[in-house]
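Working notes, structure below.
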Amino acid sequence: MSIAPPHLLQPTPSSSSVAGNASGLLTVVGICLILGGLGCGTAVIGYTFALPMLIQSVPTGGGSVPGPADGLDAMQETMRPVMILNSITYGAVALGVAWLGIGSIRARRWAWKIALALGWLWVAVIILSVISYSFIFPKLMNSFSVPASPGAPTLSGPVLTAIMIVSAGIGLMFYLSPGVMLIVVYGLRNVRLTCERQDPNPCWTDRVPIPVLSFWLLLMFSLFTLLEFSPVYLGFIKFPGISGLLPRPAVVLVCLTAALPALGLACWDLASMRIRGWWISLFLCLAGCASLIWNGFNLDLVSLNRELNMPEEDLKLLESLGKGALLLPTIFISIPILGYVIWLKRFFQRPAQS
């Protein structure tokens with residue numbers, strides 16, 4: 454009986470062992486995420502301590518919301534819900550990002566998938582925002598080209614256009630960087646295999662495809678934002694000048710009462726890949742798009758911000774955009790989101806794949 458050479462008797466390495474260990478890379482990016490969470494945490498300090506001091510410098514307008522001249526205590530009492538809820542929001546974001554960083558350092562399988570989904574969501578939101586703002590750039594450039602006073606120097610059209618393009622390009626690269634970093638790092642095969650090897654136990658994220666998980670993150674953020682908006686709206690609706698510019702309180706309360714549990718149920722179902730969650734998401738998306746378009750047609754932003762004591766210089770800039778200036782950006786954002794939700798239906802017609 455012939456004996457095979459020793460090198461042929463060695464076991465063939467598996468694909469997971471061939472792949473390099475990405476623990477070091479996961480640790481570095483995880484530390485960056487924790488630092489990002491700490492950065493969000495500084496906003497909590499700002500809203501808690503710095504914003505009350507900033508309120509004292511707010512110029513007084515003729516709006517119905519109390520300004521410093523109407524009594525600093527009254528204005529702080531009005532703005533207190535906003536400050537508290539913004540602090541809670543930034544605190545929650547800080548904890549979430551820091552926890553994601555800890556999960557990355559520990560090479561948890563849920564961490565790489567949520568981070569990858571967050572990266573794609575981040576990039577999509579930034580790109581849609583930049584393109585939608587391009588609809589109002591021409592009007593902004595026209596307003597900047599008008600001299601503030603007779604004889605005052607102005608920028609020519611080509612120079613102003615070049616400034617806008619360069620500024621938009623730099624801003625786009627700056628704001629895209631975190632999302633691109635998440636996509637590049639957590640999209641690596643070695644990163645996925647390292648997390649699966651060091652965290653072999655199944656996780657709920659295993660059954661949720663990344664496109665669905667990205668939309669789930671968006672719904673979770675929307676739910677938290679809606680929870681924040683509700684008491685703020687109820688706090689400002691008591692001022693007559695503002696209440697006449699917004700939808701009736703009863704209508705808003707009914708919509709909020711229906712939207713909050715619907716969003717919560719949609720998030721729960723999408724995490725379990727239930728088709729009911731997709732139908733709820735589609736309905737919420739249609740209702741949200743209709744609401745945004747209605748506000749784009751009917752909401753008078755100039756009058757609303759005048760009641761909120763916006764400085765006159767900012768009001769003039771807002772007036773230069775014209776009524777319904779946000780309608781086209783709103784439609785541009787709404788249509789891709791609606792199309793994306795419809796496209797997600799394909800993932801609920803077969804077993805979830807990562």
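Residue numbers 454 to 807, in this note's numbering, belong to the letters of the sequence shown in order.
We put the beta carbon where it would ideally sit given N, CA and C, even for glycine.
C-alpha distance - residue i paired with residue j, whole-angstrom precision
{"i": "Gly514", "j": "Ile555", "result": "No answer about Gly514 holds up, because its pLDDT of 49 lies below 50 and its placement is not dependable."}
{"i": "Cys407", "j": "Arg561", "result": "The requested residue 407 is not part of the displayed model; the chain covers only 454 to 807."}
{"i": "Ser620", "j": "Gly632", "result": "19 angstroms"}
{"i": "Gly544", "j": "Ile537", "result": "10 angstroms"}
{"i": "Leu742", "j": "Gly792", "result": "Looking at the sequence itself, residue 742 is Cys, so the reference to Leu does not match. Distance between the alpha carbons of Cys742 and Gly792: 12 angstroms."}
{"i": "Val576", "j": "Leu781", "result": "21 angstroms"}
{"i": "Gln651", "j": "Thr480", "result": "13 angstroms"}
{"i": "Leu461", "j": "Pro653", "result": "At Leu461 the pLDDT is 42, less than 50, meaning the model places this residue with poor confidence; the figure from the coordinates comes in the next sentence. Taking the straight line joining both Cα atoms gives about 30 angstroms."}
{"i": "Pro611", "j": "Ala740", "result": "41 angstroms"}
{"i": "Leu625", "j": "Ile618", "result": "10 angstroms"}
{"i": "Ser787", "j": "Val578", "result": "12 angstroms"}
{"i": "Ala522", "j": "Pro714", "result": "Note that Ala522 scores a pLDDT of 48, beneath 50, so its modelled location is shaky; the value from the coordinates is reported in the next line. Rounded to the nearest angstrom, the two C-alpha atoms are 41 angstroms apart."}
{"i": "Ser733", "j": "Pro655", "result": "The residue you asked about is not Ser; residue 733 is Ile in the sequence shown. About 27 angstroms."}
Own chain partners of residue i with C-beta closer than 6 angstroms, once the 5 adjacent residues on each side are dropped
{"i": "Ala547", "result": "Gly490, Cys493, Gly494"}
{"i": "Gly483", "result": "Gly554, Ser557, Ile558"}
{"i": "Ala551", "result": "Ile487, Gly490"}
{"i": "Phe801", "result": "Ile728, Trp731"}
Chain B within 8 angstroms of residue i, Cβ atoms only
{"i": "Cys738", "result": "Here chain B cannot be found, since the structure has a single protein chain."}
Spatial neighbours of residue i in its chain, beta-carbon cut-off 7 angstroms, leaving aside the 5 residues before and after
{"i": "Leu716", "result": "Leu672, Ser675, Leu676, Leu679, Leu737"}
{"i": "Lys798", "result": "Trp731"}
{"i": "Pro789", "result": "Leu581"}
{"i": "Ala724", "result": "Trp657, Val661, Trp669"}
{"i": "Arg727", "result": "none"}
{"i": "Ser683", "result": "Leu709"}
{"i": "Gly640", "result": "Leu569"}
{"i": "Met574", "result": "Reading off the sequence shown, one finds Leu at residue 574, where the question assumed Met. Closer than 7 angstroms at the Cβ level, and outside the excluded window around Leu574, lie Ser667, Leu670, Leu671."}
{"i": "Val707", "result": "none"}
{"i": "Tyr586", "result": "Pro782"}
{"i": "Cys720", "result": "Trp669, Leu672, Met673, Leu676"}
{"i": "Ser649", "result": "Looking at the sequence provided, one finds Glu at residue 649 rather than Ser. Arg562."}
{"i": "Arg729", "result": "Asp722"}
Residue i burial status per 10 Å Cβ neighbour count (16 or more: buried)
{"i": "Thr647", "result": "buried"}
{"i": "Gly549", "result": "buried"}
{"i": "Phe627", "result": "exposed"}
{"i": "Gly520", "result": "Confidence is the limiting factor: at Gly520 the pLDDT is only 49, short of 50, which leaves the residue's position unreliable, though a coordinate-based value still follows. Buried."}
{"i": "Ser630", "result": "exposed"}
{"i": "Cys711", "result": "Note on identity: in this sequence residue 711 is Ala, with Cys being the wrong assignment. Label assigned to Ala711: exposed."}
{"i": "Ile498", "result": "exposed"}
{"i": "Ala615", "result": "exposed"}
{"i": "Ile623", "result": "exposed"}
8 angstroms contact criterion, which residue i and residue j should meet: CB distance rounded
{"i": "Arg645", "j": "Trp565", "result": "6 angstroms"}
{"i": "Val794", "j": "Leu735", "result": "5 angstroms"}
{"i": "Leu635", "j": "Leu571", "result": "6 angstroms"}
{"i": "Val638", "j": "Leu478", "result": "6 angstroms"}
Spatial neighbours of residue i in its chain, beta-carbon cut-off 8 angstroms, leaving aside the 5 residues before and after
{"i": "Phe785", "result": "Leu581, Ile584, Ser585, Phe588"}
{"i": "Thr542", "result": "Phe677, Thr678, Glu681"}
{"i": "Ile663", "result": "Lys566, Leu569, Ala570, Trp573, Ser807"}
{"i": "Gly524", "result": "Note on Gly524: pLDDT 41, under 50, position unreliable in the model; no value is reported."}
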